[in-house]
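Residue numbers (the numbering used here), protein chains in the order written: chain A, 43 to 459; chain B, 63 to 261. All C-beta atoms, glycine included, are put in the ideal place defined by N, C-alpha and C. Working notes, structure below.
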Amino acid sequence: MLRQCEGSQAVAEAIGLCRPQVICAYPITPQTHIVEGLGALVKSGALANCEYINVESEFAAMSVAIGASAAGARAYTATASQGILYMAEAVYNAGGLGLPIVMTVGNRSIGAPINIWNDHTDSMALRDAGWIQLFAEDNQEAVDLHIQAFRLGEELSLPVMVCMDGFILTHAYERVDIPTQEQVDQFLPPYEPRQVVDPDNPVTIGAMVGPEAFMEVRYLAHAKQLRALELIPELAAEFKQKFGRDSGGLIRSYRADDAETIVVGLGSVNGTIKDVVDEMRNEGIKIGGVSICSFRPFPTAALSTALGRAQRIITIEKSLSVGIGGNVSHNLRMALPDRNTTVYTVIAGLGGRPITRASLKKVFRSALDGLLEPVSFLDLNLPVVQRQLERERLERRTGPAAEAILRDLNTLPAAVH
Amino acid sequence: MFEVRIHGRGGQGVVTAAELLSIAGFEEGFWAQAIPSFGSERMGAPVVAFCRLNECEIRSREPITSPDAVIIQDPTLLHQVKVFEGLSPGGYVLINSSRSLDQLGIGEFVDKLPRGHAACLPATELALRHVGRPVPNAALLAGLCAITGRLKPASIEAAIRRKFKGEVGEKNVAAAREAFAMFANVEVKEGARAHAQAV
């Protein structure tokens, strides 16, 4: 049913419709409303046959999810930011063991400096943990991706992270079509595990593997992700057939067929990018957008086709690989057969900095004019940075950088951006 | 697209106001997007929330910098935050105050807006009377509908009832109804003012 509601509430209801059997939760902003919503569903009895476990930390949340999944239960948890780092070891274990846990990441920056707002640093930090990573563009897609995630993960026996932008999506009220239980049941069969802890048929899940076999086990994880490259579009097609809308898939192109310039982004920023593409198309500029939904597995072939004819590619990246620049552009170069294609990395929106149409348009124009640096930072306050660099050149004991920048800016924390 | 920016203080419910407005817009078939500001939210600190209403899908996620209307939940913000920043020349201003626009010292500013586009509404008083708590949202949203003519009173009431069940919802609806009534009776004064005074 079509509803106007908060993204977190919509996602909580969608997960409820997926009939999880174990939900383990530790609250962290901006994901908290999701697990609160699920807690209410379990308590009211609307979500039956589900054990809701309050755990003492994110490490425990993922550990409980691993145990539950290994015991044959459909397991779910959610986290963000420092929380995903705190559970990092267990995240790798879930990936390596191939347990089809679904986890929402309400994307948020990672400290220091401490910051509760949106960027993609948290998901990117765990991109190599062996999980599938899907990024939602809006709240409808966040709902739909969770339904697809359980099916996808269980088919392949791989865990899936559904990444949705913290605050921008988790706290946004917009219209969302929440499917019916019948619809979800028709798409998502009960969990049939490939491996399960069963006293009648004892197995070791998590056996020690030495040099003679470690590479092979890791290769199988890679092969499964490559298999996901086929399965993700198949499931998106089946989803469309059953639910009547496009959601998920590997990538989505927007006015990119004849585009000389293509802007690539992950998650909710693609909405803003599309608006800018329309504005610039009206001015006669051949520009388009490509949204990457599946970051892991990375859709190299699909991107190669979608980007092949573009002269220049601009990636809008909400995470900084410190010391080199972009994570997305770094991966994306694998998809470019023509090494002459110029790739511009634009780091944007870190720690919740708004990504405005005006700023995007300016940076796209500067790429078109050949004036953009290979790696640039959208709306960076250069004078403030330079002042600090100058201080550090002149003095030894310059103190904490974050405090110095705040002092220079004389910020009121809640001032309108 | 119709864009509304709501200024208040942490605890007054700017986020709830934006959410209610988006539900009311949805009730009338608009695409609506409500988003909180991405700033520190402490009790009493200046906070902002945004709501967009549109005939078609809203894709942009940027904060609203050129609002068509601003709602100010606390008039002391007038001296602390640039509440009118980016307001469109034909925009609307609604302030929660039992004082007049002139008494608040912004008469000259709102005179630049079209006739009837600015108003004060004693929304906190209405809330205290009907709800028993200083929660000005229901009355303010009714006031916004009254001065802009954008949404129907019934949609605001439906949004209030969806968000607040039972008695609390009905009390807020009563506050909204009195706000509508105040605007229905008011004569648009000289210049830009539509000024609903406390009865």
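Report the rounded CA-to-CA distance for residue i versus residue j, giving the unit in angstroms.
{"i": "A:Phe209", "j": "B:Met105", "result": "19 Å"}
{"i": "B:Gly153", "j": "B:Ala180", "result": "9 Å"}
{"i": "A:Glu196", "j": "A:Met322", "result": "42 Å"}
{"i": "B:Leu149", "j": "B:Pro129", "result": "5 Å"}
{"i": "B:Thr138", "j": "B:Cys182", "result": "13 Å"}
{"i": "B:Leu203", "j": "A:Gln182", "result": "27 Å"}
{"i": "B:Arg191", "j": "B:Ser160", "result": "14 Å"}
{"i": "B:Ala236", "j": "A:Ala178", "result": "40 Å"}
{"i": "A:Arg150", "j": "A:Asn243", "result": "42 Å"}
{"i": "B:Phe92", "j": "B:Gly211", "result": "15 Å"}
{"i": "A:Ala456", "j": "B:Gly228", "result": "Only weak support is given to the placement of A:Ala456: the predicted model assigns it a pLDDT of 43, under 50, and the question is left unresolved by the model."}
{"i": "B:Phe171", "j": "A:Pro379", "result": "59 Å"}
{"i": "A:Pro416", "j": "B:Gly167", "result": "50 Å"}
{"i": "A:Leu486", "j": "B:Ala185", "result": "Residue 486 of chain A lies beyond the stretch modelled for chain A, which goes from 43 to 459, so this question has no answer here."}
{"i": "B:Ala254", "j": "B:Leu175", "result": "Confidence is the limiting factor: at B:Ala254 the pLDDT is only 45, short of 50, which leaves the residue's position unreliable and the question unanswerable from this model."}
{"i": "A:Ser333", "j": "A:Ala191", "result": "18 Å"}
{"i": "A:Ser499", "j": "A:His162", "result": "Only positions 43 to 459 of chain A appear in this structure, which leaves residue 499 of chain A out of reach."}
{"i": "B:Leu156", "j": "B:Ala96", "result": "18 Å"}
{"i": "B:Val132", "j": "A:Asn160", "result": "25 Å"}
{"i": "A:Val427", "j": "A:Leu436", "result": "14 Å"}
{"i": "A:Glu280", "j": "A:Leu89", "result": "25 Å"}
{"i": "A:Glu78", "j": "A:Thr357", "result": "35 Å"}
{"i": "A:Gln473", "j": "A:Gln225", "result": "The question about residue 473 of chain A has no answer, for chain A in this structure spans 43 to 459."}
{"i": "A:Met104", "j": "B:Glu219", "result": "43 Å"}
{"i": "B:Asn158", "j": "B:Glu124", "result": "26 Å"}
{"i": "B:Leu82", "j": "B:Ile222", "result": "7 Å"}
Buried or exposed for residue i, please, with buried defined as at least 16 other CB atoms from any protein chain shown within 10 angstroms of its CB.
{"i": "A:Met376", "result": "exposed"}
{"i": "A:Ile274", "result": "buried"}
{"i": "A:Leu451", "result": "exposed"}
{"i": "A:Val305", "result": "buried"}
{"i": "B:Lys233", "result": "buried"}
{"i": "A:Ile366", "result": "exposed"}
{"i": "A:Lys85", "result": "exposed"}
So which residues on chain B does residue i lean against when the C-beta distance must stay under 9 Å?
{"i": "A:Val311", "result": "Arg123"}
{"i": "A:Ile397", "result": "Arg123 and Glu124"}
{"i": "A:Thr314", "result": "Arg121, Ser122, Arg123 and Glu124"}
Anything in chain A within Cβ reach of residue i, meaning under 8 Å, just list it in chain order.
{"i": "B:Ala96", "result": "Ala214, Tyr215 and Glu216"}
{"i": "B:Glu81", "result": "Glu48 and Tyr215"}
Specify the secondary structure class of residue i as computed by DSSP and reduced to three states.
{"i": "A:Leu58", "result": "Note on identity: in this sequence residue 58 of chain A is Gly, with Leu being the wrong assignment. Three-state DSSP puts A:Gly58 in a helix."}
{"i": "A:Ser470", "result": "The question about residue 470 of chain A has no answer, for chain A in this structure spans 43 to 459."}
{"i": "A:Ala178", "result": "coil"}
{"i": "B:Glu65", "result": "strand"}
{"i": "A:Leu454", "result": "For A:Leu454, the pLDDT reaches just 45, beneath the cut-off of 50, and the residue's location in the model is therefore unreliable, although a value from the coordinates is still provided. Coil."}
{"i": "A:Glu93", "result": "strand"}
{"i": "B:Gly253", "result": "Caution is warranted here: a pLDDT of 39 is assigned to B:Gly253, below 50, making its placement in the model unreliable, and the coordinate value is therefore given only provisionally. Reduced to three states, the DSSP call for B:Gly253 is coil."}
{"i": "A:Tyr261", "result": "helix"}
{"i": "A:Tyr496", "result": "Shown here, chain A extends from 43 to 459; a query on residue 496 of chain A therefore has no answer."}
{"i": "A:Ile143", "result": "coil"}
{"i": "B:Val145", "result": "coil"}
{"i": "B:Phe88", "result": "helix"}
{"i": "A:Gly114", "result": "coil"}
{"i": "A:Val311", "result": "helix"}
{"i": "A:Phe337", "result": "strand"}
{"i": "B:Gly153", "result": "coil"}
{"i": "A:Arg45", "result": "strand"}
{"i": "A:Ser363", "result": "strand"}
{"i": "B:Ser99", "result": "coil"}
{"i": "A:Ala88", "result": "coil"}
{"i": "B:Ile133", "result": "strand"}
{"i": "B:Val261", "result": "Residue confidence is low: B:Val261 scores 37 on pLDDT, short of 50, so the model does not pin down where it sits. Its coordinate-derived value is still stated next. DSSP places B:Val261 in coil when its eight states are reduced to three."}
{"i": "A:Ser165", "result": "helix"}
{"i": "B:Leu183", "result": "strand"}
{"i": "B:Arg239", "result": "helix"}
{"i": "A:Ser151", "result": "coil"}
{"i": "A:Ile304", "result": "strand"}
Residue i versus chain B: which residues are under 7 Å apart at the beta carbon?
{"i": "A:Asp317", "result": "Arg121 and Ser122"}
{"i": "A:Thr163", "result": "Those do not exist, as A:Thr163 stays about 16 Å from chain B at its closest Cβ, beyond 7 Å."}
Residues of chain A with CB under 7 Å from residue i, in chain order?
{"i": "B:Ser84", "result": "Gln46 and Tyr215"}
{"i": "B:Phe88", "result": "Gln46 and Arg217"}
(request) Identify every run of the beta strand (DSSP E) within the region 199 to 231 of chain A, keeping only runs that are complete inside it and at least 3 residues long; order them along the chain. (result) 202 to 207 and 215 to 219
(request) Please specify which runs of the alpha helix (DSSP H), each continuous and at least 4 residues long, are wholly inside the region 210 to 234 of chain B, giving them in chain order. (result) 215 to 225
(message) As an exercise, report each continuous alpha helix (DSSP H) stretch of at least 4 residues that is fully enclosed by the region 413 to 448 of chain A, in chain order.
(response) 424 to 436
(request) Kindly provide the ranges of any beta strand (DSSP E) runs that are 3 or more residues long and lie completely inside the region 338 to 413 of chain A, ordered along the chain. (result) 354 to 359 and 384 to 389
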